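A.B. asks:
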Amino acid sequence: MSDTLSPDVSPPTTTGASPDGSGGAAGRRSHAASRAGTVAVAVLLLLVLPFYVSSFWLQTGLFAMAAVIGAIGLNLLSGTTGQLSLGHAFFLAVGAYGYVWLAADPSGTGSAHLYGLGLPPLLAFVLAVVLAGVAGGLFSPISGRLRGMYLGIATLALVFLGHHMMLNARDITGGFNGRSVPALEIFGFSFSDASPDGLAVLGVPFGGLERLWYFGLVLVAVAWLAARNLVRGRPGRALAAVRDSEVAAAVMGVPLSRYRASAFIVSSMYAGAAGALLALVFKRVVPDHFGLLLSIDYLAMIVIGGLGSVGGAVAGAVFVALIPHVLTKYADHLPLLTAPGTAGSGVTPGDAARYLYGAAIVLVLVFAPGGLAGLAHRRPRRTGDGARRNRRFPVRTRTTSDPQGVEGATPKEHTP
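Here my numbering runs 843 ahead of the position in the sequence shown, where the first position is 1.
Shown next as structure tokens:
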């Protein structure tokens, strides 16, 4: 007979929850299904909006789409790679004016002569994106060697240099008065109110804004998928390593200058696509639109949305792009605001929008450093036992092999 008692005690089993609070495989499948359903509903809503909303909201939505594309590109540079850029507006201008120059036919005589290559509009759009990438490539030797505030000051010079060029290269840009934008056309189908004239779908007239709406959705989807694949792939991990620790990245064999320059080129191409889409929506491009304030707006988008997150860039871009237009539309019904073009002592919608941006940035930096994307990731989940647990700090469970609930503790042996 043994002098020691060794009761057969098996560790308790848990059902319905995993140690990380995710609810196991069933919970993950349920979360994936819920997320897929949310995305499907959002896509369906975006597809049917042109049938129900007015031209004002369609135009505002197109401005938001252009902002989303540009913000994703800037977030790849500043959020993922950690490179500060204040010259994003310059590359938007390159995309906008590049499309106009490539797609427009020569016009005017004498001092009013305007150059144009007269290329097919779709080809001109693609080449405008490439042209913005080339402009970023010309700046890449500088962006590959500078970082932080030094790169920010260098890119700030691009904004003033670009504005000077837009005012003085009148044969291409039209000078201070700008230049009209040729309509996009794909295989004879025009994204304007003409060709075919009087187009209607389910009894709803489909003019230029309705047609551009779906073109903008395609561009946003391509930009989203390309950025997600880039961030989740090997290049994205290398860019994140450059951001987190350049010494560690260099030890792992990451060529720092090449990846910083590549990130700048990719960001410039995103900005070029956003600028070309803006030109199509505006129907006329002028130099004053591509100033320093536009670059600051894009920085506000990625800070509010969350640095390093593609979804956060989308959310921040929609917020920053919609606020000025909404305030302008409802300025007569909101206190302390003065409608544009009217005399009064109130605040203009543009200034009020920037006050809101500033307040949002302060709130994000103080209470949610990860931005809107960080708030979504920090949301606690419900486990099988009904308790709410945070995703980042799961609660440890106590077992018989860990009687104190602390990892590394060993059970005390019983001696007779």
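Even for Gly, the Cβ is constructed at its ideal location relative to N, Cα and C.
For clarity, every value in this text was computed on a predicted model and none was experimentally measured.
For the candidate residues Tyr1198, Leu1218, Asp1194, whose alpha-carbon lies nearest to that of Gly1154?
C.D. replies: Of the candidates Tyr1198, Leu1218, Asp1194, the one whose C-alpha sits nearest the C-alpha of Gly1154 is Leu1218.
A.B. asks: I need the boundaries of the alpha helix (DSSP H) containing Tyr942, first residue and last residue.
C.D. replies: Residues 931-946.
A.B. asks: Looking at the secondary structure, which residues open and close the alpha helix (DSSP H) in which Gly904 lies?
C.D. replies: Unbroken alpha helix (DSSP H) run through Gly904: 898-917.
A.B. asks: Whole angstroms are fine: how far does the CA of Ala1037 sit from the CA of Ile1198?
C.D. replies: The amino acid at residue 1198 is misidentified as Ile; the sequence shows Tyr. Computed Cα separation, rounded: 40 Å.
A.B. asks: What's the gap between the Cα of Leu1099 and the Cα of Phe899?
C.D. replies: Looking at the two C-alpha atoms, the distance is approximately 45 Å.
A.B. asks: Can you round the beta-carbon distance between Ala978 and Phe934 to whole angstroms, since I take them to be within the 8 Å contact cut?
C.D. replies: 6 Å between Cβ atoms; contact.
A.B. asks: Determine the extent of the alpha helix (DSSP H) in which Tyr993 is found, giving its start and end residues.
C.D. replies: Counting along the chain, the alpha helix (DSSP H) containing Tyr993 begins and ends at 991-1011.
A.B. asks: Val1209: buried (16+ other C-beta within 10 angstroms of its C-beta) or exposed?
C.D. replies: The residue is exposed, with fewer than 16 neighbouring Cβ atoms inside 10 Å.
A.B. asks: Determine the DSSP secondary structure at Ala1182, reduced to helix, strand or coil.
C.D. replies: Of the three classes helix, strand and coil, the one that applies to Ala1182 here is coil, per DSSP.
A.B. asks: Taking C-alpha atoms, which residue in Ile1139, Phe1162, Thr923 lies nearest to Val1074?
C.D. replies: Nearest C-alpha to Val1074: Thr923.
A.B. asks: To the nearest angstrom, how far is it from the Cα of Leu1123 to the Cα of Val1190?
C.D. replies: Cα to Cα, Leu1123 sits roughly 30 Å from Val1190.
A.B. asks: Does DSSP put Phe1032 in a helix, a strand or coil?
C.D. replies: Correct three-state label for Phe1032: strand.
A.B. asks: Could you check where the alpha helix (DSSP H) with Tyr1113 kicks off and where it finishes?
C.D. replies: 1099-1125 is the extent of the alpha helix (DSSP H) around Tyr1113.
A.B. asks: Is it the case that the Cβ atoms of Ser921 and Phe1107 are separated by a distance below 8 Å?
C.D. replies: Not a contact, by the Cβ cut-off of 8 Å.
A.B. asks: Taking 8 Å as the threshold (C-beta atoms), are Ala1216 and Ser1138 in contact?
C.D. replies: The answer is no: Cβ separation not under 8 Å.
A.B. asks: Check this for me: beta carbons of Gly1118 and Gly938, under 8 Å apart or not?
C.D. replies: In contact: Gly1118 and Gly938 (Cβ atoms closer than 8 Å).
A.B. asks: Given a cut-off of 8 Å on the beta-carbon distance, is the pair Gly1076 and Gly1149 in contact?
C.D. replies: Not closer than 8 Å, so no.
A.B. asks: Which value, in whole angstroms, describes the spacing of the CA atoms of Val1163 and Asp1194?
C.D. replies: Those two C-alpha atoms are separated by around 13 Å.
A.B. asks: Per DSSP, Leu957 is paired with what?
C.D. replies: Answer is Ser950.
A.B. asks: Does the region 954-974 come close enough to the region 1011-1025 to have 3 or more Cβ pairs within less than 8 Å?
C.D. replies: Taking 8 Å as the limit for Cβ pairs, the verdict is that the region 1011-1025 does touch the region 954-974.
A.B. asks: Please go through the same chain and pick out, in chain order, the residues whose beta-carbon is closer than 8 Å to the beta-carbon of Asp851, but skip the five residues on each side of it.
C.D. replies: Residue placement at Asp851 is flagged as unreliable, the pLDDT there being 48, under the threshold of 50; a coordinate-derived value is accordingly withheld.
A.B. asks: For the candidate residues Leu1082, Gly1046, Leu945, Arg990, whose alpha-carbon lies nearest to that of Ile1015?
C.D. replies: Ranking Leu1082, Gly1046, Leu945, Arg990 by Cα distance to Ile1015 puts Leu945 first.
A.B. asks: Let me know the secondary structure DSSP gives Arg1080 once reduced to three states.
C.D. replies: Arg1080 falls in the helix class under three-state DSSP.
A.B. asks: Just to confirm, are Leu960 and Gly951 a CB contact at a threshold of 8 Å?
C.D. replies: Result no, Cβ atoms of Leu960 and Gly951 do not sit closer than 8 Å.
A.B. asks: Please list the terminal residues of the continuous alpha helix (DSSP H) segment that includes Asp1194.
C.D. replies: 1192-1210 is the span of the alpha helix (DSSP H), which, as asked, contains Asp1194.
A.B. asks: How about Ala1066 and Ala1116: are their beta carbons less than 8 Å apart?
C.D. replies: In this structure, Ala1116 lies closer than 8 Å to Ala1066 by Cβ.
A.B. asks: Return helix, strand or coil for Val1161, following the three-state DSSP convention.
C.D. replies: Three-state DSSP puts Val1161 in a helix.
A.B. asks: Cα-Cα, which of Gly925, Asp1175, Val1047 is closest to Leu989?
C.D. replies: Of the listed residues, the one whose Cα sits closest to Leu989 is Gly925.
A.B. asks: Hey, how far is the Cα of Asn1020 from the Cα of Ala914?
C.D. replies: Cα-Cα distance, rounded: 27 Å.
A.B. asks: Once the 5 residues before and after Ala907 are set aside, which same chain residues still bring their CB inside 7 Å of it?
C.D. replies: Answer for Ala907: Ala1160, Val1161, Ala1164, Leu1165, listed in chain order.
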